[in-house]
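First up is the structure itself, then whatever we jot down about it.
Protein chains: 2
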Amino acid sequence: MSLPHALLGVLDARPMSGYDLARFFDAATGWVWAAPHSQIYPTLRKMEQRGLIRGDDEVRGPRLTRTVYSLTEEGKAELAGWVATAHPLPVIRDPFLLQALHFDLIDANQAHDVLTKFIEEQEQLAEEAEEHRDKLLNKDSELLKERLSSRGPAEHERIARLKAHVFDGIAGMARYKISWARQGQALLLE
Amino acid sequence: MSLPHALLGVLDARPMSGYDLARFFDAATGWVWAAPHSQIYPTLRKMEQRGLIRGDDEVRGPRLTRTVYSLTEEGKAELAGWVATAHPLPVIRDPFLLQALHFDLIDANQAHDVLTKFIEEQEQLAEEAEEHRDKLLNKDSELLKERLSSRGPAEHERIARLKAHVFDGIAGMARYKISWARQGQALLLE
DNA sequence: CACTACATGTAACTAGTTACATGATTCG
DNA sequence: CGAATCATGTAACTAGTTACATGTAGTG
């Protein structure tokens, strides 16, 4: 339900091909949304049919073309409308919490190890998010620069701070989870 | 992928019918996992075929029966094995963060309102999770009592604390999100 | 007798995953 | 010239959503 909005959000920075978008959403760079190219290409075609984006064919060689998609006015309006509307919280469905709920069934050391792995992953996530947050604050991100190029300089600092705040939140959540997991480890060994 | 494990986890406390499970997972009581009955009934039948659970028909009236499912040894082993194994983090796909990432596109007051709504929802979630955590700590939950009935009294306190820790984590995450959202509101109005 | 709760399903759909498939262009 | 990258797809599948469907049993 949100993949189209995720795509609109990236295309708002600059026009891109499905391939560019797929690299963006496939990689860890996707951050708040992930999607494989097998989902992206058909979605782009549907969005074009709905008039949210426009695809322009670009020649890349004698026999190779790519379709570069850009936002239409309708697409911009759709994105802004969606962002301005409060949506119901998605239902909780967290496999790790489900797992943790049953740590009492297994050996304390095994549960401890599972938490250690979790902590390592969250640590890495936190570091990546913090790095990205700082890049945004320093306007040191390609995509951000492209976004800012269509906005007045007076807004630049505010926009960068708002975007950075999202990644600060991701990092903060990961840090919180780490401290929670450490408490869990202490409980297990009591 | 985890619905079967969620079901195994509840059936570990006591045998239940699909209807009981559906009430559990449909309601806000589901907590860490949610699923509609249209997903639960077929899943139970598949799990029975795989030998993870056993269904026994119970007569509830002259013409009404229900099937009560209970864990088999294989089901118990599957659950314990899954809990003891570290699983890769699910990819991030958070519609609210996606929305927040584009607050710069809309009016600050509208974005502020969206955050206010978010804070209210997280506040409610935190309160519910805290209430549930305290119930578990006081062994004041039906399901927990039934779980404990098959475990030695010496373990009871430890089990209750481990379960409560999960809900403490849910509450803590909600509280963190609230403080993050308030920071966002401050940023918007700067 | 009406309403609520009990009990279990199917059907049609959207979203997302995993694997397979194909070919062009660039760079060392 | 071989490898990596560019570029775009399809097919088969699993998971989850929403709506429709049916009937029983208990309660006031």
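Read top to bottom, the protein sequences are chains A and B.
Mapping of the first sequence onto our numbering: position 3 corresponds to residue -9, and the numbering continues sequentially without gaps.
Mapping of the second sequence onto our numbering: position 90 corresponds to residue 78, and the numbering continues sequentially without gaps.
We put the beta carbon where it would ideally sit given N, CA and C, even for glycine.
The structure displayed is predicted, hence computed values, not measured ones.
Between leucine -4/B and glycine 39/B, the gap from beta carbon to beta carbon reaches 8 Å or more. With a cutoff of 8 Å on beta-carbon distance, leucine 175/A and arginine 139/B are scored as not near each other. In the assembly as shown, valine 79/A is an exposed residue. Its beta-carbon has fewer than 16 other beta-carbons within 10 Å.
The straight-line gap separating the alpha-carbon atoms of serine 5/A and arginine 33/A is approximately 12 Å. A contact is defined here as three or more CB-CB pairs under 8 Å, and the stretch 83 to 98 of chain A meets this definition with respect to the stretch 66 to 84 of chain B. When DSSP reads this structure, glycine 43/B sits in a beta bridge with Tyr57/B.
Following the DSSP letters along the chain, one finds leucine 86/A inside the alpha helix (DSSP H) bounded by residues 83 to 88. Its chain contains Thr53 as the residues whose beta carbon lies nearer than 6 Å to that of valine 47/B, once the 5 sequence neighbours on both sides are disregarded; these appear in chain order.
DSSP, reduced to helix, strand and coil, places serine 5/B within a strand of the structure shown. Around the beta carbon of arginine 135/A, 16 or more other beta carbons lie within 10 angstroms, which makes this residue buried. Non-local C-beta neighbours of leucine 9/B in its own chain, meaning closer than 7 Å and more than five positions away in sequence, comprise Leu(-5), Val(-2), Ile28, ordered along the chain. Here the alpha carbons of glutamate 61/A and arginine 11/A stand approximately 25 Å from one another. Interface criterion not met: the Cβ of serine 137/A is under 8 Å from no Cβ in chain B. For tyrosine 164/A, the chain B residues whose C-beta falls within less than 7 Å of its own C-beta are Gly160, Met161, Tyr164, listed in chain order. The Cβ of lysine 123/A sits no closer than 8 Å to any Cβ of chain B. Only exposed fits glutamate 143/A, as fewer than 16 other CB atoms lie within 10 angstroms of its CB.
A residue is called buried when at least 16 other Cβ atoms come within 10 angstroms of its Cβ; glycine 49/B does not meet this threshold and is exposed. Listed along the chain, the chain B residues whose CB falls inside 7 Å of the CB of glycine 6/A amount to none; the nearest CB is some 19 Å away.
Around the beta carbon of arginine 121/A, 16 or more other beta carbons lie within 10 angstroms, which makes this residue buried. Taking the Cα of glutamine 37/A as reference, the smallest distance to any Cα among Val20/A, Tyr57/A, Ala22/A, Arg51/A is reached at Tyr57/A. The alpha carbon of asparagine 126/B has as its nearest neighbour, out of Glu145/B, Met35/B, His25/B, the alpha carbon of Glu145/B. Under the three-state reduction of DSSP output, proline 30/B falls in the helix class.
Contact annotation: leucine 67/B and isoleucine 41/B have beta-carbon atoms that are not nearer than 8 Å. Burial check for alanine 65/B: the Cβ neighbour count within 10 Å stays below 16, so the residue is exposed. Close CB contacts of aspartate 45/A within its chain, under the 6 Å cut and outside five residues either way in sequence, are with Thr53, Thr55 (chain order).
When secondary structure is reduced to three states using DSSP, aspartate 14/B falls in the helix class. When the beta-carbon positions are compared, isoleucine 107/A and alanine 23/A stay at least 8 Å from each other.
Close partners of proline 3/A in chain B (Cβ separation under 8 Å) are lacking, with about 17 Å as the shortest Cβ gap. In terms of Cα proximity to alanine 162/B, the closest of Pro3/B, Gln173/B, Glu118/B, Leu124/B is Glu118/B. Nearest to methionine 35/B by alpha-carbon distance, out of Val20/B, Phe13/B, His(-7)/B, Ala15/B, is His(-7)/B.
Inter-residue distance for lysine 165/A and glutamine 110/A is about 7 Å (C-alpha atoms, whole angstroms).
The continuous alpha helix (DSSP H) containing leucine 124/B extends over residues 96 to 125.
Around the beta carbon of serine 26/B, fewer than 16 other beta carbons lie within 10 angstroms, which makes this residue exposed. Using a CB distance cut-off of 8 Å, lysine 105/A counts as an interface residue toward chain B. Chain B places no beta carbon closer than 8 Å to that of aspartate 44/A, leaving this residue out of the contacts. Going by beta carbons, lysine 151/A and leucine 177/A fall outside the 8 Å limit.
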